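Chemist: Residue numbers (the working numbering): 2 to 364. Glycine residues also receive a C-beta, built at the ideal position from the N, C-alpha and C atoms. Note that the structure is a prediction, hence the values are computed from the model and not measured.
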Ligand SMILES: [Zn+2]
Ligand SMILES: [Zn+2]
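(1) Once DSSP output is grouped into helix, strand and coil, what is the label at residue 268?
(2) Sorry if obvious, but does the Cβ on residue 111 come closer than 7 Å to a heavy atom of ligand 2?
(3) For residue 351, which of helix, strand or coil comes out of DSSP?
(4) Return the residue from the list 330, 78 and 268 that minimises the CA-CA distance to residue 216.
(5) What is the C-beta distance between residue 41 and residue 167, in whole angstroms, given that I count them as a contact (C-beta under 8 Å)?
(6) Rounded to the nearest angstrom, what separates residue 128 and residue 27 at their Cα positions?
(7) Using the DSSP secondary-structure output, state which residues sit across from residue 146 in a beta bridge.
(8) Using DSSP's beta-bridge definition, name the partner residues of residue 125.
(9) Would you call the stretch 122-137 and the stretch 7-26 touching, i.e. three or more CB-CB distances under 8 Å?
(10) In chain order, what residues of the same chain lie with their CB nearer than 6 Å to the CB of residue 148, ignoring the 5 residues before and after it?
(11) Nearest to residue 106 by CA position, among 114, 243, 204 and 95, is which residue?
(12) Please state the DSSP three-state secondary structure of residue 6.
(13) Suppose contacts are defined by Cβ-Cβ distances below 8 Å. Is residue 229 in contact with residue 207 by that definition?
(14) Could you give the C-beta distance for residue 65 and residue 87, rounded to a whole number, given that I count them as a contact under 8 Å?
(15) Measure from the alpha carbon of residue 235 to the alpha carbon of each residue in 222, 246 and 226, then state which is nearest.
(16) Can you have a look at residue 353 and say buried or exposed, based on whether 16 or more other CB atoms are within 10 angstroms of its CB?
(17) Between the Cα of residue 302 and the Cα atoms of 74, 293, 193 and 357, which residue gives the shortest distance?
(18) Just checking residue 46 against ligand 1 - is the residue's beta carbon closer than 7 Å to any of the ligand's heavy atoms?
(19) Could you check how far apart the C-beta atoms of residue 37 and residue 361 are, in whole angstroms? I think they sit under 8 Å.
(20) Once the 5 residues before and after residue 325 are set aside, which same chain residues still bring their CB inside 6 Å of it?
(21) Could you tell me whether the Cβ atoms of residue 163 and residue 82 are closer together than 8 Å?
(22) Is it right to say residue 180 is buried, meaning 16 or more other beta carbons lie within 10 angstroms of its own, or is it exposed?
(23) What ranges does the alpha helix (DSSP H) occupy inside the stretch 279-343, keeping only unbroken runs of at least 4 residues that lie completely in it?
(24) Would you kindly work out how many angstroms separate the C-alpha atoms of residue 199 and residue 4, rounded to a whole number?
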């Protein structure tokens with residue numbers, strides 16, 4: 002079929018929205034019409050060269066929701082018309098990690114970057130040029146393996162659920178699944194972008210007593226407060242470690258780094274109390290290293306990493322949707338700007354300017 006997709010050719014160049022050809026679903030695959038897709042920092046990391054694209058030209062995008070249009074042979078879990086949310090990690094259901102309830106770490110699916118497991122791709126340009134892709138949600142339609150989708154209840158507007166599969170599970174999951182924040186504890190969060198706001202609302206859901214939002218862009222603090230922050234620290238003007246230690250009388254029980262920089266990972270570690278936990282959520286740069294002082298670690302402190310929120314998509318996504326229906330999880334507030342696919346470059350500019358919670362693209 003002919004559809005429209007956003008193609009990444011090289012770092013620091015605008016993404017190009019073009020007509021493309023999409024092959025129908027093969028065995029075990031599903032064709033989805035994308036209803037809404039989020040402009041996520043991990044896509045932008047590729048655009049600005051912070052993360053290296055494994056292969057180009059590439060159709061990016063991974064945070065999305067949509068409606069099933071067609072299923073390939075052997076697919077029994079989905080049928081046309083089903084509402085689905087994309088899961089950012091594949092889940093084979095057979096490996097050590099899947100069978101011990103850690104599907105976010107699944108390593109049972111071997112596919113070359115940008116390819117399906119059969120070694121081919123589903124997207125190409127009208128002139129026949131191969132286009133590489135993962136979930137490829139920066140497109141009006143995409144074809145993905147069925148393990149990349151979670152079926153959700155059909156009575157919630159599907160375009161509202163786009164961020165569940167990335168920003169929400171990464172943020173709320175880091176709090177609830179990875180760090181297991183206890184009710185009554187104190188929390189500090191470095192970075193108030195789309196994922197950071199979800200760490201903040203995860204901490205509120207978990208019953209944290211104080212939630213300290215830290216950023217260098219004060220424009221983000223209105224969003225942070227809306228999502229549950231009790232205190233804010235402008236790190237462009239204040240030492241965030243000292244601020245957190247002062248506000249919590251000795252350090253926070255849990256700190257979250259949602260930026261992906263060595264300096265802020267170290268700050269998050271140094272701002273924990275005795276026995277506290279610092280959790281790195283931000284995507285680290287290629288080859289990034291962090292050093293931490295050893296004596297504080299000797300006081301039962303922990304420095305841990307969270308990958309895709311230690312999420313279990315088929316359990317967690319329906320839970321998020323229940324909370325959204327009940328007004329306990331903010332999704333509408335996250336979609337602070339909506340743009341068409343043709344404005345994908347502007348969507349990333351929104352993210353850099355710091356005046357949006359998340360820009361959602363409706364292809
Ligand atoms: Zn993402
Ligand atoms: Zn697995």
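Modeler: On the basis of the data shown:
(1) If you number the chain shown from 1, residue 268 lands on position 267. When secondary structure is reduced to three states using DSSP, residue 268 falls in the helix class.
(2) Stepping through the chain shown from its first residue, residue 111 is reached at position 110. The nearest non-hydrogen atom of ligand 2 is 7 Å or more from the C-beta of residue 111.
(3) The residue given as residue 351 occupies position 350 in the chain shown. Residue 351 falls in the helix class under three-state DSSP.
(4) Residue numbering aside, residue 216 sits at position 215 when the chain shown is read from its first letter. When only C-alpha atoms are compared, the closest one is 268.
(5) Along the chain shown, read from residue 1 onward, the residue named residue 41 stands at position 40. Along the chain shown, read from residue 1 onward, the residue named residue 167 stands at position 166. Yes, they are in contact, since the Cβ atoms of residue 41 and residue 167 sit about 5 Å apart, within 8 Å.
(6) Taking the first residue of the chain shown as 1, we reach residue 128 at position 127. Taking the first residue of the chain shown as 1, we reach residue 27 at position 26. If you take the alpha carbons of residue 128 and residue 27, they lie about 22 Å apart.
(7) Residue numbering aside, residue 146 sits at position 145 when the chain shown is read from its first letter. Listed as beta-bridge partners of residue 146 by DSSP are 30.
(8) Within the chain shown, numbered from 1, the residue matching residue 125 stands at position 124. Beta-bridge pairing links residue 125 to 22 and 131.
(9) At 8 Å Cβ cutoff, the stretches touch.
(10) Position 147 of the chain shown, counting from 1, holds the residue named residue 148. These residues qualify, in order along the chain: 91 and 92.
(11) Counted from its first residue, the chain shown places residue 106 at position 105. Scanning 114, 243, 204 and 95 for the CA closest to the CA of residue 106 turns up 95.
(12) Residue numbering aside, residue 6 sits at position 5 when the chain shown is read from its first letter. Here residue 6 sits in strand by DSSP.
(13) Locating residue 229 in the chain shown gives position 228, counting from the first residue. Locating residue 207 in the chain shown gives position 206, counting from the first residue. The answer is no: Cβ separation not under 8 Å.
(14) Within the chain shown, residue 65 is the residue found at index 64, counting from 1. Within the chain shown, residue 87 is the residue found at index 86, counting from 1. Correct: roughly 5 Å between the Cβ atoms.
(15) Here residue 235 refers to the residue found at position 234 when the chain shown is read from its first residue. Cα-wise, what sits closest to residue 235 is 222.
(16) As a position in the chain shown, residue 353 is number 352, starting the count at 1. Burial call: exposed.
(17) Counting from 1 along the chain shown, the entry for residue 302 is found at position 301. Of the candidates 74, 293, 193 and 357, the one whose C-alpha sits nearest the C-alpha of residue 302 is 293.
(18) Taking the first residue of the chain shown as 1, we reach residue 46 at position 45. Checking the Cβ of residue 46 against ligand 1 gives no.
(19) Here residue 37 refers to the residue found at position 36 of the chain shown. Here residue 361 refers to the residue found at position 360 of the chain shown. Cβ atoms of residue 37 and residue 361 come within 8 Å of each other, at about 5 Å.
(20) As a position in the chain shown, residue 325 is number 324, starting the count at 1. Here the set comprises 332.
(21) Stepping through the chain shown from its first residue, residue 163 is reached at position 162. Stepping through the chain shown from its first residue, residue 82 is reached at position 81. Between residue 163 and residue 82, the gap from beta carbon to beta carbon reaches 8 Å or more.
(22) Here residue 180 corresponds to residue number 179 of the chain shown, with the count starting at 1. Around the beta carbon of residue 180, a 10 Å sphere encloses 16 or more other beta carbons of the protein chains shown; the residue is thus reported as buried.
(23) Listed in chain order, they are 295-298 and 314-326.
(24) As a working mapping, residue 199 is identified with position 198 in the chain shown. As a working mapping, residue 4 is identified with position 3 in the chain shown. Cα-Cα distance, rounded: 32 Å.
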